[in-house]
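So the sequence shown is numbered by this note's numbering: it starts at 69 and just counts up by one.
All residues carry an ideal CB built from backbone N, CA and C; glycine is no exception.
Here the structure is laid out as structure tokens; the discussion comes afterwards.
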Amino acid sequence: MLDQVPRPEAPRLRWLPRAQWHVTLRFLGDADPDEVAGALAEVPWDEIAPVDVRLGPATALLGDGVVMVSAEGCDDLATRMVAATEHLDQPAEVGPRRYRPFVGHLTLGQFRDELPSGVVGSPVSVSFQVDEVLLVASWTLPEGAVHEVIAAFPLSG
């Protein structure tokens, strides 16, 4: 269903490839990956049952440059992630993100300037089960983001 969302070409609009689709539970900036992995290892993820996530009802905007679709069902996972990592130091430039409320979403694209018509409001109705939480490092390169899984925490409760 997400593959059928219109993706018109436009200057300064970049659609994320399917391999980069994910729901971010918390942005940790430049926090040390080993410290984060250690903090997350303390969470009893294996006592938490897999969760059902629902995407929809339509594509929308988030902030000033993100085309996304809302993701419902992962609020508890995000709360646990924040609780486990809130003590970690972060650079001042990402500090304010720390206090933003969680907005479950899957990013479809990023843009600058104006969007072409039809990008926002395309109907979406997708459900899937989340059976693990991943700690992912990312780097932004000219051709797009690169993601690397640092640690995986299965949900098997």
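Around residue 149, the same chain offers 93, 94 as residues with beta carbons nearer than 6 angstroms, after the five sequence neighbours per side are excluded. In the structure shown, residue 106 falls within a helical segment according to DSSP collapsed to helix, strand and coil. With distances taken between CA atoms, residue 210 lies nearest to 82 out of 82, 143, 198. Comparing alpha carbon positions, the residue from 185, 203, 171, 224 closest to residue 100 is 203. In the DSSP assignment, residue 136 falls within the unbroken beta strand (DSSP E) covering 134 to 140. The C-alpha of residue 174 is placed about 25 angstroms away from the C-alpha of residue 109. Under the three-state reduction of DSSP, residue 77 is assigned to coil, being neither helix nor strand. For residue 186, the CB contacts under 6 angstroms within the same chain, skipping 5 residues up- and downstream, are 74 in chain order. Minimum Cα-Cα distance from residue 123 among the listed residues 140, 200, 79 corresponds to 140.
From the listed residues 71, 154, 145, the smallest Cα separation to residue 107 is found for 154. Collapsing the DSSP output to three states places residue 150 in a helix.
Taking every protein chain shown into account, the CB of residue 69 has fewer than 16 other CB atoms within 10 angstroms, so this residue is exposed. Residue 76 holds the alpha-carbon nearest to the alpha-carbon of residue 184 among 72, 76, 196. Annotation: residue 104 to residue 120 spans about 25 angstroms, alpha carbon to alpha carbon.
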